[in-house]
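*Asks:* Here it is, the structure in full.
There are 2 protein chains.
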Amino acid sequence: MKNTIQKTAIMNALMSLDHPTADEVYECVHSEFPSISKATVYRILNRISEEGEILHLQIPGGADRFDTTLCVHHHLRCNKCGKVCDVSVPELEGVEKRIKEENGFSIAGYRLVFSGLCSDCVYKK
Amino acid sequence: MKNTIQKTAIMNALMSLDHPTADEVYECVHSEFPSISKATVYRILNRISEEGEILHLQIPGGADRFDTTLCVHHHLRCNKCGKVCDVSVPELEGVEKRIKEENGFSIAGYRLVFSGLCSDCVYKK
DNA sequence: TTCCCAAATAAGAACTGTTTGCAATTAGGA
DNA sequence: TCCTAATTGCAAACAGTTCTTATTTGGGAA
Chain P
298 MKNTIQKTAI
308 MNALMSLDHP
318 TADEVYECVH
328 SEFPSISKAT
338 VYRILNRISE
348 EGEILHLQIP
358 GGADRFDTTL
368 CVHHHLRCNK
378 CGKVCDVSVP
388 ELEGVEKRIK
398 EENGFSIAGY
408 RLVFSGLCSD
418 CVYKK
Chain F
298 MKNTIQKTAI
308 MNALMSLDHP
318 TADEVYECVH
328 SEFPSISKAT
338 VYRILNRISE
348 EGEILHLQIP
358 GGADRFDTTL
368 CVHHHLRCNK
378 CGKVCDVSVP
388 ELEGVEKRIK
398 EENGFSIAGY
408 RLVFSGLCSD
418 CVYKK
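In order, the protein sequence lines correspond to chains P and F.
Take the first sequence: its position 75, counting from 1, is numbered 372 in my numbering, and each next residue is one higher.
Take the second sequence: its position 105, counting from 1, is numbered 402 in my numbering, and each next residue is one higher.
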């Protein structure tokens, strides 16, 4: 992969943002590099997530988000402020194997997203 | 809620289909009732899922699907044929409470979708 | 039974998030 | 430095969903 300034700018944006959407990455990069196009942001995000440099989170009912934390973990999503944060769910270890054996279903991966209210929003009514 | 012929047709379609998308419901109803509009299908599906008559599944990276099975369960989604089937994951019982206590995050619900290859597709290369 | 009107509808425009086709530009090896 | 494949910007296409507006209809009231 060529090492373009666009890619560098996107990697920097990813470092400074927390679980951003493609659009948030675009806004961040665009503010210091106005000529970048959204298509480029989407293309680069897809490419680097395919190569395993970042995680591509497909959030039910919302825009996809990107995560620089690579180890196995899942997400909490606040229905009020939209914030997404990480959570580990050790209970799920071994589930893949069990389901493979019971259902003959070959599991490539899984995503668990909890939705609710984050600790900030839960007090604000 | 008024008991319209459109709603009846949609309920019948839901009974005869397995985890259909809104579009599949539309196609099914449309074939015997050509005047129905897509907006109506979406509106009715949203209404009856809000009322708890069906489950509204938001599949990451794909169209939403609707499920007439109401008890707690999760889903396997085949990346090849797109089929979605049910699976129960008892390992997750109690996880909500644990996360609430540890993260202060008030969980309204969660969805777990396994992706991979179903037993039919896993043999077809 | 007929009338009435809030609720529901059809049609399609608009919207959000994402991908694609294409011509122009560019990184980086020869 | 030159060459070429990779990458870019743009606009247009796309899928899924919601909104808008005028029109129709279910079902309670008279």
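Beta carbons are placed, not taken as given, at the ideal position from N, Cα and C, and that holds for glycine.
In this text, all values refer to a predicted model and were calculated from it rather than measured experimentally.
Using the C-alpha atoms, what's the distance from K380 (chain P) back to V386 (chain F)?
*Replies:* Whole-angstrom Cα-Cα distance: 26 Å.
*Asks:* Can you tell me which of the three DSSP states H327 (chain P) falls into?
*Replies:* Three-state DSSP puts H327 (chain P) in a helix.
*Asks:* So, using beta-carbon positions, are K377 (chain F) and L414 (chain F) closer together than 8 Å?
*Replies:* Contact: yes.
*Asks:* Quickly, what does DSSP pair I302 (chain F) with across the bridge? List them, please.
*Replies:* DSSP lists no partner for I302 (chain F).
*Asks:* Which residue from F:S416, F:N300, F:F330, F:K304 puts its Cα closest to that of I404 (chain P)?
*Replies:* Cα-wise, what sits closest to I404 (chain P) is F:S416.
*Asks:* Measuring alpha carbon to alpha carbon, tell me which of F:T318, F:I396, F:D364, F:V322 ends up nearest Q303 (chain F).
*Replies:* Cα-wise, what sits closest to Q303 (chain F) is F:V322.
*Asks:* Pull up the distance between the alpha-carbon of H327 (chain P) and that of M298 (chain P), whole angstroms please.
*Replies:* Each residue's alpha carbon lies about 22 Å from the other.
*Asks:* Note down the Cα distance separating T337 (chain F) from E390 (chain F), rounded to an integer number of angstroms.
*Replies:* About 37 Å.
*Asks:* Of the residues F:K397, F:R362, F:H372, which one's Cα is nearest the Cα of F402 (chain P)?
*Replies:* Taking only the C-alpha atoms, the option nearest F402 (chain P) is F:H372.
*Asks:* Could you give the distance in angstroms between the alpha-carbon of T365 (chain P) and the alpha-carbon of H316 (chain P)?
*Replies:* T365 (chain P) and H316 (chain P): Cα-Cα distance of roughly 8 Å.
*Asks:* Give the DSSP-derived three-state secondary structure of S367 (chain P) in the structure shown.
*Replies:* The sequence given here has Leu at residue 367 (chain P), not Ser. L367 (chain P) falls in the coil class under three-state DSSP.
*Asks:* In the DSSP assignment, what are the bridge partners of D383 (chain F)?
*Replies:* Beta-bridge pairing links D383 (chain F) to F:H372.
*Asks:* Taking 8 Å as the CB-CB cut-off, is G349 (chain P) touching chain F?
*Replies:* Not one chain F Cβ lies under 8 Å of G349 (chain P).
*Asks:* Mind listing which residues of the segment 381-400 of chain F have their C-beta closer than 7 Å to chain P's C-betas, in chain order?
*Replies:* From the segment 381-400 of chain F, only V384, V386, E388, L389, V392, I396, N400 have a Cβ closer than 7 Å to chain P.
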